[in-house]
Amino acid sequence: MAKVILPQESQLEATGVSLEELLRQQGLADEIVGALHDGELHDIRDPLPATGEVKALTITDPEALEILRHTAAHVLAQAVKRLFPGVKLAIGPAISDGFYYDFDFPEAISRDDLPRIEEEMKSIVAQDYPVERVYLPRAEAEKLLRDEGESYKLELISDIPDQEISFYKQGEFMDLCRGPHLPSTGLVKHFKLLDLAGAYWRGDSTRVMLTRIYGTAFPSAEALEEHLRWREEARRRDHRRLGPELDLYSIHNDSIGAGLVLWHPKGARVRHEIETFWKERHFAAGYQLLYTPHIGRARLWQQSGHLDFYREGMYAPMDIEGQEFYIKPMNCPFHIAIYNSRTRSYRELPIRYAELGTVYRFERSGVLHGLLRVRGFTQDDAHIICRPDQVEDEIRVVLRFALDILRTFGFTQFAAHLSTRPAKYVGVPEAWDLATDALRRAIEAEGLDYDVKEGEGAFYGPKIDIDIEDSLRRAWQLTTIQFDFNLPERFDMTYVGEDGREHRPYMIHRALLGSLERFFGILIEHYGGAFPPWLAPVQAAVLPITEEQIPYAEGVAGRLRAAGIRAEAWTRGGKTLRYLIREAQLQKIPYMLVCGAREAEAGKAALRLRTGEDLGAQDLEEIIARIRDRIERKTPEL
RNA sequence: GCCGGCGUAGCUCAGCAGGCAGAGCAGCGGUUUCGUAAACCGCAGGUCGGAGGUUCGACUCCUCUCGCCGGCUCCA
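Given below as structure tokens:
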């Protein structure tokens, strides 16, 4: 007997029937749209499992969202088939915030076609077709698809082992599909088509390019509205919009080159603060700072294996006095060369080399994206070289270090991914096991949620990747901690042990922020351009009310600067206070010091915060103390 | 690289059936001296992304090209 948990906690016991059947007997069928058993979604038309607990889902259950969206994708496909005879269907799954369907249209469609597709979808929803599940014997299924000209579906079916093939049918529309689906199309009430894009059939760039239509669906109008507002907010915070608006950085594809970033004074100031903080923390944690060149001879990259395995990511060589040089795509070989520059004793280990190292990698033009995907970037790189007995501690310490630094930037939600040994690997399994265990224990010691990606480690070692969640709840992969069993071998890295013999050290690559460019882009979006005081390029704007107060305002700004606060007196003549405040707001400057005749008289300034809060006239000492405090604590509070 | 869309002043955008290229903001000059998100007047600013074609005439139509955006793909 399976136990069925219904909404409102009531329970049923049943066996040998489908959930749909069971509920119909109880007169509840309309509310339930899916079933959850062992963390897996099931169709209400499926027979209930023999034992265990089944949670019956209503359309408002978060777990049911996937079913809703999958059915929405079918409604989309049905609408498209009605409007574009001759279209072929590929695949149409639910995704994390909506759904899509890939089509092969007889002729190109454009975004302008989305509204009428949406209209047709609405009519399909209004028709409220029951969604039926149909199983066809393989031969019959193939014939059906062949007759319909559904060549993509035919290809999919050949990968399905089952003899009875599952289809779903709603009205005149029938689609090869494993399900589950809603009971009827009328339940897809709140949806919207969002985008149109190209997508290769089966993600394979050698195959045909299909047209993908993206949409989203929610159980309520409010949830849909909220999602659309969220998209709008994300658009508003786009670092590619805010970056130039706040005069932080620019990219000039035509004159300078795609994926190459110019850091303007304000962006450079933020970067400087990040780097200073980063260096201080690294010194405190026992790292040694390095600087290494931007190019190196071909033989170096030959020895490292980059030319064999990573050539397509590297720029073409340059000829210097008959020798080939390559611009560096990674810093590791240089760090190793420093390690290898003399004999190392076991007493010296662990050695922690850190570098803000600028590297250049070829990325195809289509993937470049603002600061998030560039061709030249500065990694916050480090290599930890240690003995086997130090691995466990080093990993634990580096992970804690990483989280600590990320928290300072206002990130509090983390998820870890542990990637283990792939089929093709270098090194010995014992070393892999030791390393993988150390990684796992470190994650567990920090109490992080994590998943294990079996076999997804690089061929040279297992790794941890950390995703952070930003203020819009978007995940970004930042930190990576990777073992390397390859380079120590290739460069014959050794240390002399207690036993007087040479041993091979363990080497760990790690980047905490990833790259400064990408991290900056993420920070801009995370804060919506409103940096906390310690990072804000301009921390205080001193605003004179009339030209009379210009000298006083300059004096105030000078006092603040002397106290280590980035302050500017805004002394352009003829601007009203309202104007200056609006300017400062748009620049997202945390503190505005209003200086009128009254303040000048009293040697004070009226403090206004970026939040709009007016704190009234205060002594300069008081204001300076407040701002200094926020900067020192690196808090987002004003 | 591929599919779709888009390129008009520094920025945001309007314009066109093919007939002298427009507005707001920013900039510059002046007036105003102002109390918490845009004072007022004026001036200047464009090879309409680039090249070729159709046409008496192209910002407008066609072809190519460069760039951007949304995705796909790749990421030892």
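With this note's numbering applied, the first sequence corresponds to residues 10 to 647, in that order. For glycine and all other residues, C-beta sits at the position ideal for the given N, C-alpha and C.
Identify every run of the alpha helix (DSSP H) within the region 347–424, keeping only runs that are complete inside it and at least 4 residues long; order them along the chain.
-> 400–417
Could you give the C-beta distance for Y348 and Q297, rounded to a whole number, given that I count them as a contact under 8 Å?
-> No, Y348 and Q297 are not in contact; Cβ-Cβ is about 11 Å, not under 8 Å.
Starting from the N-terminal side, write out each stretch of the alpha helix (DSSP H) that is 4 residues or longer and does not extend beyond the region 14–66.
-> Complete alpha helix (DSSP H) runs here, min 4: 28–35.
Three-pair Cβ contact test at 8 Å for the region 22–36 versus the region 52–60 = yes
Would the beta-carbon of L616 be found less than 7 Å away from any heavy atom of the ligand NAD?
-> Absence of the ligand NAD is noted for the structure shown, with no ligands found whatsoever.
Which residues bound the beta strand (DSSP E) around M130?
-> Taken as a continuous stretch (DSSP letters only), M130 belongs to no beta strand (DSSP E), being part of the alpha helix (DSSP H) at 123–136.
Endpoints, alpha helix (DSSP H) assigned at V84 | Looking at the DSSP string, the run of the alpha helix (DSSP H) that includes V84 is 74–92.
Could you tell me whether the region 522–531 touches the region 478–487, using the rule of 3 or more Cβ pairs below 8 Å?
-> Using a Cβ-Cβ distance cut-off of 8 Å, the region 522–531 and the region 478–487 are in contact, since at least three pairs of beta carbons, one from each stretch, lie closer than that value.
Would the beta-carbon of F343 fall within 8 Å of that of P397?
-> no
Give the secondary structure of G107 by DSSP, where H, G and I count as helix, E and B as strand, and everything else as coil.
-> strand
Alpha carbon of C341 to alpha carbon of R240, nearest angstrom = 39 Å
Given S480, which residues of its chain have a CB within under 7 Å of its CB, disregarding the five upstream and five downstream residues?
-> H535
Quick one: grab the DSSP three-state call for S193.
-> strand
On the DSSP bridge assignment, give the partners of Y296 in chain order.
-> The partner list for Y296 (beta bridge, DSSP) is empty, contrary to what the question assumes.
DSSP beta-bridge partners of F200 | The partner list for F200 (beta bridge, DSSP) reads A226.
Same chain, Cβ closer than 8 Å to D106, neighbours up to 5 away in sequence not counted | If we look at D106 and ignore the five residues flanking it on each side, its Cβ neighbours are T225, H236.
What distance in whole Å lies between the Cβ atoms of I118 and T24, which are believed to be in contact at a cut-off of 8 Å?
-> Rounded, the Cβ-Cβ distance is 49 Å, inconsistent with contact.
Identify which residue in D389, A432, I126 has its Cα closest to the Cα of A411.
-> D389
Segments assigned alpha helix (DSSP H), at least 4 residues, entirely inside the region 283–329 = Note on the region 283–329: whole alpha helix (DSSP H) runs with a minimum of 4 residues are 307–313, 315–318, in chain order.
Given D137 as reference, the closest of P170, K198, V96, I174 once Cα atoms are compared = If you compare the alpha carbons of P170, K198, V96, I174 with that of D137, the shortest gap goes to K198.
For K472, count neighbouring C-beta atoms within 10 Å of its own C-beta (all shown protein chains included) and say buried if the count is 16 or more, exposed if not.
-> buried
Helix, strand or coil: which one does DSSP assign to R483?
-> Assignment of R483 by DSSP, reduced to helix, strand and coil, places it in the coil class.
Which whole-angstrom value is the C-beta distance of I360 and I394, which I expect to be below 8 Å?
-> 5 Å
Return the CA-CA distance between E62 and K12, expressed in angstroms with no decimal places.
-> 5 Å
Would you tell me roughly how many angstroms separate the C-alpha atoms of G375 and L443, rounded to the nearest one?
-> 40 Å
Out of G195, H392, F176, state which residue places its alpha-carbon closest to the alpha-carbon of P189.
-> Minimum Cα distance to P189 is reached at F176.
Find the nearest neighbour of R409 within the set E289, G48, I475, Q35, judged by alpha-carbon distance.
-> I475
Alpha-carbon spacing of A520 relative to A391, whole angstroms = Going by the C-alpha atoms only, they are around 6 Å apart.
Sub-8 Å separation of Y469 and A424 beta-carbons | no
What three-state label does DSSP hand R575 in the structure shown?
-> coil
For the beta strand (DSSP E) that K178 lies in, which residues bound it at each end?
-> 173–179
Nearest-angstrom beta carbon gap, K613 and L595 [assumed within contact, 8 Å] = Not confirmed; about 26 Å, so no contact.
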